[in-house]
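One structure below.
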Amino acid sequence: MTAQKRKKWIKFRHKLIRALVYFPVKLYCKIKYHIKIVPFKHSKKQNYFVIYNHQTDGDELFMYLTFKGDMYPLATEDLFFSGFASRLMEYAFAPIRFNKAGDNTASIIKCMRIAKEGASISVAAEGNRTYSGKTEYIKPSIVKLARALKLPIAFLVFEGGYGVQPRWSNTTRKGKMTSSVKKVLYKEDYDNMTDEELYKEITDALYVNEGKDTGIYTGKRKAEFIERLFYTCPNCGLTEWVSNKNTATCKKCNHTINYEENKMITGKDFTFPYQFATEWYDKQNEFISNLNYDDLPTTPLYTDKAKLSEVVKSKRKKLLALDSIVSLYKDKIEIDYKKLSGEKTHLSMPFEKMTNAVVLGRNKLSVNDGNTIYQIKGDFRFNAVKYVNFFTKYLNMKKGEEHGKFLGL
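The numbering used here applies: residue 4 is where the sequence shown begins, and numbers increase by one.
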């Protein structure tokens, strides 16, 4: 299809729907997140490449409320697998599909096309909601996208979101958060920068660290499901935690922690060495980075029960089993399950053959064994982070970076 015949991405219905839902969405965000949104004052004729840090599941809504004009976000492909809800989302807002676990050349080309039509493009720079409270790792490839779009870069920064809605939690707490554009970098400015300089500009502008007391965030289940993130204990190393309302207990040593209203973590029956989840997260990564693989057992480190699905041609999910046994080893993932037909099946995925492992949403795991993308969805307490951490630890070791700090998130 030629460029002349290709249908435009921007549709009148997108403008209409956005106008109709603006005030209901604004009210919803105010009530649920208590967010203060500072509107970005600019001409509707100027489009932008909007880059933002990712703290809550409402960030895309805040972004729409901050900017005028046509805006199309990059969205992880998992959002396109929810049947009618996904089709409705595509019809109303036309997000651009982005694959966390694969090549995104087609997505970049689509973004360039939409930018030429006059719309803004937005993306969560980290590709992940922060688990720790700090702005997470940003891939250097974002520089390539910025240069390809040739648009002014608007840095949209969310603050307070980790207190309001930590990624590992199912609840939203009452507290303050803000949304505002901190800086705009114009094309004539970044054209004179090296890729390294532009990358640093992006990471510095979006950096937020909420591993400190930033106010009060009230809720009745502040620690619930913190085990989705943490699987190490300062007393016993590798372990499992079980949360209940505002506390969590280590299954090995039985020590219990409290998650306070100011985000501080305190020991209920002992002195806990980390003040905030951010520090604990950093220490957990440090612990895993420094593990000696030769000292780890050849038996499973962890075993989980989960629903298993296969992603078919990045278009839909095919359910393989409602109940599978997923085992994490130091150098592989193994899955045992019964097909819907009743046939017993065993999958072995050595890390050296896998091409990716990512966390989707709060605690869903996506892995690519080199041929197939599988999605693993455990129960509410399922910890997908450990699988990504050990996979990336193995890759670091094979690259000669045995103690590499980056562990996949």
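Virtual Cβ for every residue (Gly too), placed ideally from N, Cα, C. Nothing here was measured: the structure is a model prediction, and the numbers come from that model.
- One Cα belongs to Ala-151, the other to Met-115, and the distance between them is close to 7 Å.
- Around the CB of Ala-208, 16 or more other CB atoms lie within 10 Å, so the residue is classed as buried.
- For Leu-68, there is no enclosing beta strand (DSSP E); the residue is part of the alpha helix (DSSP H) that begins and ends at 62–69.
- Contact annotation: Lys-254 and Thr-269 have beta-carbon atoms that are not nearer than 8 Å.
- About 6 Å separates the Cβ atoms of Val-53 and Leu-159, confirming a contact at the 8 Å cut-off.
- One alpha carbon belongs to Thr-133, the other to Leu-294, and they sit about 24 Å apart.
- Rounded to whole angstroms, the separation of the alpha carbons of Thr-348 and Arg-170 is 33 Å.
- A residue is called buried once 16 or more other Cβ atoms fall within 10 Å of its Cβ, and Val-184 is buried on that count.
- DSSP, read as helix, strand or coil, puts Ser-46 in coil.
- Three or more pairs of CB atoms, one per stretch, sit closer than 8 Å, so the region 27–38 contacts the region 53–70.
- Beta-bridge annotation (DSSP): Lys-177 is paired with Thr-221.
- Rounded to whole angstroms, the gap between the alpha carbons of Gly-218 and Gly-163 is 9 Å.
- From the listed residues Phe-393, Phe-161 and Val-41, the smallest Cα separation to Tyr-234 is found for Phe-393.
- DSSP places Arg-319 inside the beta strand (DSSP E), whose first and last residues are 319–331.
- Considering only Thr-221, Leu-64, Ala-157 and Ile-20, the residue with the shortest C-alpha distance to Leu-91 is Ile-20.
- Excluding the 5 residues flanking it on each side, Ser-110 has same chain C-beta neighbours closer than 8 Å at Leu-77, Ile-99, Arg-100, Phe-101 and Asn-102, in chain order.
- Looking only at Lys-389, Met-357, Ile-40 and Tyr-390, the smallest Cα-Cα distance to Thr-375 is reached by Met-357.
- Annotation: Met-196 to Pro-42 spans about 29 Å, alpha carbon to alpha carbon.
- Around the C-beta of Phe-228, 16 or more other C-beta atoms lie within 10 Å, and the residue is accordingly described as buried.
- Of Val-167, Lys-14 and Val-126, the smallest CA-CA separation from Tyr-94 is found for Lys-14.
- Within the region 220–288, the beta strand (DSSP E) runs of at least 3 residues that lie entirely inside it are, in chain order, 244–247, 250–253, 259–262 and 268–270.
- Within its own chain, the residues whose Cβ lies closer than 7 Å to the Cβ of Lys-215, once the five positions on either side in sequence are excluded, are Phe-279, listed in chain order.
- With distances taken between CA atoms, Leu-323 lies nearest to Glu-346 out of Asp-272, Phe-409, Glu-346 and Leu-299.
- Contact holds between the region 118–129 and the region 45–65, because three or more Cβ pairs, one in each stretch, are under 8 Å apart.
- Sequence-distant partners of Ala-251 (beyond 5 residues in either direction) whose C-beta falls short of 6 Å from its own C-beta, in its chain, are Ala-226, Ile-229, Trp-244 and Ile-260.
- Judged by DSSP secondary structure, Leu-148 falls within the alpha helix (DSSP H) whose first and last residues are 144–152.
- Here the alpha carbons of Pro-276 and Trp-283 stand approximately 9 Å from one another.
- Contact annotation: Gly-178 and Val-187 have beta-carbon atoms that are not nearer than 8 Å.
- In the three-state reduction of the DSSP assignment, His-17 falls in the helix class.
- Nearest Cα to Leu-304 within the set Lys-310, Lys-321, Val-315 and Lys-333: Lys-333.
- Counting the other Cβ atoms within 10 Å of the Cβ of Cys-236 gives 16 or more, which makes it buried.
- When the Cα atoms are used, Lys-190 and Phe-161 turn out to be separated by approximately 24 Å.
- Assigned with DSSP and collapsed to three states, Glu-405 falls in coil, not helix or strand.
- With fewer than 16 neighbouring CB atoms inside 10 Å of its own CB, Glu-355 falls in the exposed class.
- Check the Cα spacing between Gly-403 and each of Glu-263, Lys-271 and Ser-292: the tightest is with Ser-292.
- According to the DSSP assignment, Tyr-189 belongs to no alpha helix (DSSP H), since it is labelled neither H nor E.
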